[in-house]
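The listed protein sequences correspond, in order, to chains A and B. Going by my numbering, the first residue of the first sequence is number 12, and it counts up by one from there. Going by my numbering, the first residue of the second sequence is number 29, and it counts up by one from there. A quick write-up on the structure given underneath.
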Amino acid sequence: MCKERVSLNRRRFLKTAVQTGVCLAIPQVIPGTALGKDGSVAPSERIVLGAIGIGNRGRYDLSCFLREPDLRCVAVCDVRGDNRKRAKDQVDAQNGDKDCATYIDMRELLARDDIDAVLIATGPNWHVTAATMAARAGKDVYCEKPCTKNIAQSLVLADVFHRTGRVFQAGTQRRSLPNFAYAIELARTGKLGKLLTVHAHPGGLGTKMSGWLPAEPEPPREQVDWDMYLGPAAWRPYTRKLMNAFHFEKGGGLVGGGCLEWGSHCVDLCQLANDADDTAPVEYEPVNGQLHARYANGVKLVMRNDGWLPMGSCPVRFEGETGWVETGDNAEFGASSQSLLLRRGTKIPGYPADFHVRNFLDCVKTRALTRANANAACWAHIACHAANIALFLDRKVKYDPKKNEFIGDEQANRLRSEALREPWRI
Amino acid sequence: MIISKRYLTCCVALLMFAASAVTIAQNHPAGGAKELELIAVLKSDAAKGEKAITCKRLAIYGTDKSVPALAPLLGDKELSSWARIALEAIPGPVADTALRNAMGKLQGRLLVGVINSIAVRRDVRAVNSLVQKLHDANPDVASAAAVALGHIGGKQAAKALTKSLASAPTAVRSAVAEGCILCAEGCLANDSTTDAVKLYDKVRQADVPDQRHLEAIRGAILARRSAGVPLLIEQLRSEDKKRLGIGLRTARELGGRDVTGALAVELARLSPDRRPLLLLAIADRNDSAVLPTVRKAAEGGPKDLRITAINILIRLGDVSCIPILLEAATEDDAELQQAATETLVRLPGKDTDTDLLARLPQAKGKLKQVLIELVGQRQISEGLPAVASSLQDADAGIRGAAVRTISIIGQDRQTADLVKLLQKTDSSTERAGINKALLAISGRCGTGCIRHLRPLTQSRDNELHMIGLHALAIVGGPEALAAVKSAIESAEPAVQDEAVRILSTWPNNWPQDSEAGQALLMLATSAEKMPHQVLGLRGYLQYLRGNKKLSNEQKAAKVKDVRSHIKRPEEERQAIAVLAEAPSVGSLELLTTLADDPAVAEEAYLAIVRIAGREIGGVSKDRRREVLQTVAAKSGNNGTKQKARKALSGVR
């Protein structure tokens, strides 16, 4: 990978992002009346949405968008015919008409001037490519995670959204959920004492490689557009087995796995708890089935699969000198003292995305940084990719977050990026 | 590891199913030998799938030596992308040369891919060729060349791109503008600000898509630094929403205290509907000088702006904001009150606690009420004495706030203060608040509260008596139990009923308390009132279920002892639940009798299967078979039938 060019005031901009992230548990910052949320919303004030990659997860996200009164979806795009039809039906039912347009090629949707924002839920292979294309086309972007396939893409993601001034929200919706926000606030405001260790549940630490399976007869384009499905992934023949976009090329061709699927959530939360939205750990080491990392400020990040309290999926734990807190998707808490949980707020289990979607739409209007903005997503993903590279190489690696390179480790450095298939670029 | 022939053959098969983990680093120790093996695969007649994955491995292990084997693959539409994975990663001029050479031979998409790789590698020696490709008839190729030139940067690239801004076909012009913007960023990185500004301004004036204009506007503002303020203000005032948007974004990025000042001035000039938006942008500037602006907005003026400012103070505010926030928290407007209180609760710093406490002694009315609430919400334990003394305040609102705060941070000795207040007041609202606080403190402080609660259990006021009993029930223990048992003997029916209710749930708190069991049994078997019997029985069964000291046989025996009192399906279900968790001879026999009641038969059958499905001491296999056969025959639930049959097959 060639050296990254420093963008305009990147460090300054990143610091802004960190500041914005401090007050997670607060309600809507700007009064609703100023945003046009008081009852009916004039059509001219509505955010017009296009949805790209609308499989199961995409339709869930889309349902969260459709519940918002100041939004209208006008187009859906998917390489699969069945997905297009289901998504169109969903949108038409909401709009009470038959006008939702359908596209196979996202470039046609992105070319529409009337669309303000896009939901991208294609599957990890396409995420960063589609997101950067959308930003260059002048759209704000809500993008499912994992957002990138390697370190270089993570940096480009931040740069492109920085350059274009578009709003980006990574689909790491736990940043907008009260229990996680509260635990993070405890860690960041010194309620646990000096922060020592943050724990993340990556849900499997294996590394995977998407291969080249035996060719099968390719379906008609209306049914599956295989070329568009492959998109930026290196070419391989059509195989039905690879049509699971959720897993295809997740986290990159050589180094996918749980690190990215779950790490993009729970490592991301640890980053925020450690006030590290503008950096990543400097050391990564596989240790007895766990991954131990260390930040420059001394805080340790432990990625482990077991030893968790019964908190549901995606648990995190933050330990300080005087206390600890643990929470997960069932929205319960474990803590060193009940007094820590006094202001825990509303219990919202089941990791809904509604709050995160609302935060995105508000930021589309205010142009503020979202809770999971491109910079925050960039560094959380870098932490996950670097961890993955340590696991893949099965040895300790050291990372310099200022130069964005592994120190004295050419193999690790070569794993920072990967060429995209023509004609795609980010 | 040397790649054997067998490995080469197997590799194809492996790749066919290889979504599996491949730990290259482990399988292939570093070194030139491995590279040679991988090159041999590329040169062999191996399947394309195998060659593809070999390219990926060469991305890690490849050197100049690999390039001649990779370069021919650039023209293969199935393998070109794989080859570029390696060629993009292999450092040095040899790979650069291979890509440049390919640029002269390829067309269409494959050419675009090669140009994109050259862009990633920032190959300065490719500039001449890329400039030529700017004029390629294929707009995709020309666009790729424009963006590549932008990434590489330099004067020659900038000159070619600016020239093309006007002349390029419409389909290419967006990419040319993008190249210019990338070039401008390169200029800024090299401190060539003037060149950067020129490039941005040219794009601003060019006939290119509006998004490129917005990017150029942003760049032009940032590159000019403070001198960019007029252009920034122009965007903030623009009727065009997109320009307003890029202005708000850029207002967050453009550094400098003078810029903060200029934006603060503009805040007062902007139309009211835009002020909250700009204030949010100003607040994100990471400049301590923004605080006065936010503070001023919080102090007075349009409500939307005030609420926005007050919310912003959660993260930017300090002790200097307290007077303004207290003022807002005591206004009549509920939204302002809520926002200000929330901010005061979250305002960081020990000095905030100290400041708030210092205000408490002199405070009166609504302000005092707010301060007391804040002591609780912020958990300022040093404020407890002042809050406790406020329980005597003549103002009911202040007393209420003190009760709420004590419920959060009070200790056992505050129980006495609350009890005294309770004895004085007739207000149902106040009594309810105190009751809640007593429950909270009792749960938190435990037995230390008992002596303070005693006056309530001796009160002739039934309501107070009951409040005392509830608080004691939370504390638990022998003394508390004695008070509840005594209340069961009360002449007052209301107190008696409440005491029975409390006792019936006692085992939840003290499951090992045998005294409670005995008292519940007495109720179940001897209470005069039927409702008391029922509550006693339910409490007793619950007590048995949760008791870990009793053996399974003992539990079954105790259920048997009260069997004659278990008459209604609700209690029968409770008995079944106890027995199902206590596998024993006695339990099995009792369950077979409970199964005679059609109302609970299915629950009993399920419990029987659960018990008889396993070996139990004292129960013969024949008896197990017998009861399981009965269930299989009689149960109306297919799932239970199946479970019974499955269990039967396991009894050998």
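Where a beta carbon is used, it is the ideal one built from N, C-alpha and C, also for glycine.
- Taking all protein chains in view, the Cβ of B:Lys269 is surrounded by fewer than 16 other Cβ atoms within 10 Å, so the residue is classified as exposed.
- Listed by position along chain B, the residues whose Cβ is nearer than 7 Å to that of A:Leu353 are Gln407, Ile436.
- Scanning the stretch 160 to 206 of chain A from its first residue to its last, the whole alpha helix (DSSP H) runs of 4-plus residues come out as 162 to 175, 189 to 199.
- B:Ala627 is not a Cβ neighbour of B:Ile636, given a cutoff of 8 Å.
- Contact with chain B is found for A:Arg378, since one of that chain's Cβ atoms lies less than 8 Å from the residue's Cβ.
- Secondary structure in the stretch 163 to 219 of chain B: the alpha helix (DSSP H) runs of 4 residues or longer, each lying completely within the stretch, are 167 to 180, 183 to 195, 198 to 217 in chain order.
- Under the three-state reduction of DSSP, A:Arg305 is assigned to strand.
- Shown in chain order are the members of the stretch 332 to 351 of chain A whose Cβ falls below 7 Å from a Cβ of chain B: Ser350.
- Taking a Cβ-Cβ cut-off of 8 Å, the neighbours of A:Gly149 in chain B comprise Pro237, Asp238, Gln239, Leu242, Lys270, given in sequence order.
- In this structure the stretch 324 to 343 of chain A does not touch the stretch 156 to 169 of chain A; the number of beta carbon pairs closer than 8 Å is below three.
- Chain-order list of chain B residues neighbouring A:Gly134: empty, with the shortest C-beta distance near 14 Å, by a criterion of under 7 Å.
- For A:Met254, DSSP records no beta bridge to any residue.
- Excluding the 5 residues flanking it on each side, B:Arg137 has no same chain C-beta neighbour closer than 6 Å.
- Secondary structure of B:Leu563 (DSSP, three-state): helix.
- Contact annotation: the stretch 297 to 317 of chain A does not touch the stretch 178 to 191 of chain A, with fewer than three C-beta pairs closer than 8 Å.
- Excluding sequence positions up to five before and after A:Val235, its CB lies within less than 8 Å of the CB of Val90, Arg91, Gly92, Glu229, Tyr249, Met254, all in the same chain and listed in chain order.
- Ranked by how close their Cα comes to the Cα of B:Cys215, the residues B:Ala248, B:Gln442, B:Gln365 have B:Ala248 in first place.
- Nearest CB-CB separation between A:Trp137 and chain B: not below the 8 Å threshold.
- B:Gly404: not part of any beta strand (DSSP E); member of the alpha helix (DSSP H) spanning 393 to 405, first to last residue.
- Here the alpha carbons of B:Pro167 and A:Glu119 stand approximately 16 Å from one another.
- Nearest CB-CB separation between B:Pro121 and chain A: not below the 8 Å threshold.
- Nearest neighbour of A:Ile65 by Cα position, chosen from A:Arg95, A:Leu271, A:Asn399, turns out to be A:Arg95.
- Taken through DSSP and simplified to helix, strand or coil, B:Arg240 comes out as helix.
- Residue contact with chain B for A:Gln422: present (Cβ-Cβ distance below 8 Å to some residue of chain B).
- Between A:Ala291 and A:Tyr410 the beta-carbon gap is near 7 Å, inside 8 Å, which marks them as a contact.
- Under the three-pair Cβ rule at 8 Å, the stretch 109 to 128 of chain A does not count as touching the stretch 400 to 410 of chain A.
- DSSP places B:Glu78 in the uninterrupted alpha helix (DSSP H) bounded by 76 to 89.
- With respect to the 8 Å criterion, A:Ala181 and A:Ile126 are not classified as neighbours on the basis of their beta carbons.
- Ranked by Cα distance from B:Glu359, the first of B:Gln390, B:Leu276, B:Gln397, B:Pro376 is B:Gln397.
- Residue range 294 to 298 is occupied by the beta strand (DSSP E) that includes A:Tyr295.
- B:Cys477 and B:Ile436 have their alpha carbons spaced roughly 15 Å apart.
- Interface residue (Cβ-Cβ distance to chain A less than 8 Å): B:Leu227 is not classified as such.
- Leaving aside the five residues that flank B:Ala80 on each side, the residues in its chain whose CB is nearer than 7 Å to its CB run, in chain order, Leu107, Trp110.
- Per DSSP, the continuous alpha helix (DSSP H) segment holding A:Arg70 begins and ends at 67 to 77.
- Annotated three-state conformation of A:Thr338 is strand, per DSSP.
- Membership of A:Ala141 in the alpha helix (DSSP H) is indicated by the continuous run 135 to 147.
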